[in-house]
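Below: the structure, in structure tokens.
In my numbering, the protein residues as written are 280 to 590.
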């Protein structure tokens, strides 16, 4: 069976041409790649997970104080069985929290990027959660530099398109599955909306990626590996040179189904005003332009949030 590769990002500084070629090949084939050697300290990751788990352990009525109705879950808490994968009959078996980018309230994006809310019951949630947001934002920018080079763009092409990105850190809790034969899966088959997603330290098996041959490939990580995948916005911008690949989180077929699962994806988004027109570098006779209408990343985001029943 094919396997999604893991590459050491330190090679970007020591073996750049080969690293960029291998990374680009992995994304063209799978839309996914494991990234190791990133230098994000394990203590930072574990500390954030610890704070997130303490929040999810709070009573439901306490958590619901942070559910901001009418916001599409952009900040704060979203309870169980709200988000539904596009075209899925069943809601996902998960609850989650959204941490967004801290921006000045006089920013031109303040009307579409709300301030964060923080749970008073977990005093270190803010410091630990935002430190992880920052670390993954910086790592995502490093990955985007290599992706830019692979399609013959300047290394810093994405910098001014993501520096105020409407990015989201999403701590997720999938509860233990105690009933037999439930129709829902932990997260239904879907593609991500954003530029790239960085998934740090999934605590149990279950993540699967759909290969080009139509097989579901399980992804389990070792060591410090962070799984990074392409989202639909980058697929659109690159005219499908970088494909956004369908993935899901299935219910484990062993005793782990009876255990909770926690994961923390970071959804790296472009700035809200970035226009997602296919780049000229990605339009060729073999890959003609696939999109004729222009759309900004914010308009695209709203369209997709409606589809998955968050707004």
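Ideal Cβ positions, reconstructed from N, Cα and C, are used throughout, including at glycine.
Here the structure is a predicted model, which is why all the values come from computation and not from measurement.
Can you confirm whether the segment 521 to 529 touches the segment 394 to 402 when touching is taken to mean that 3 or more C-beta pairs between the two stretches lie within less than 8 Å? Taking 8 Å as the limit for Cβ pairs, the verdict is that the segment 521 to 529 does not touch the segment 394 to 402.
Could you compute how far the alpha carbon of residue 441 sits from the alpha carbon of residue 426? In this structure, the straight-line span from the alpha carbon of residue 441 to that of residue 426 is close to 14 Å.
Quick check on residue 350: does DSSP put it in helix, strand or coil? In this structure, residue 350 counts as coil in the three-state DSSP scheme.
For residue 423, collect the residues of the same chain with a Cβ closer than 6 Å to its Cβ; drop the 5 residues on either side in sequence, then sort them by chain order. 437, listed in sequence order.
Measuring straight from C-alpha to C-alpha, what distance separates residue 294 and residue 564? Their Cα atoms are separated by approximately 31 Å.
Residue 398 versus residue 343 - alpha carbon distance: Their backbone Cα atoms lie some 11 Å apart in a straight line.
Taking 8 Å as the cut-off, does the segment 328 to 341 touch the segment 403 to 420 (at least 3 CB pairs, one atom from each stretch)? Touching, yes, given that three or more Cβ pairs across the two stretches are closer than 8 Å.
On a CA-only basis, which of 551, 569, 574, 583 is nearest residue 392? Give me that one, please. When each option's Cα is compared against that of residue 392, the closest is 551.
Under 8 Å between the Cβ atoms of residue 446 and residue 580? Their beta carbons are not under 8 Å apart, which means residue 446 does not touch residue 580 by this criterion.
Grouping DSSP H, G and I as helix and E and B as strand, with all else coil, what is residue 285? In this structure, residue 285 counts as strand in the three-state DSSP scheme.
Give the straight-line distance between the Cα atoms of residue 356 and residue 498, rounded to the nearest whole angstrom. The alpha-carbon atoms of residue 356 and residue 498 are separated by roughly 27 Å.
Suppose the cutoff is 6 Å on Cβ atoms and the five residues either side in sequence are ignored; what does the same chain contact list for residue 511 look like? 470, 472, 523.
By a C-beta neighbour count over all protein chains shown, 10 Å radius and 16 as the cutoff for buried, is residue 417 buried or exposed? Residue 417 should be labelled exposed.
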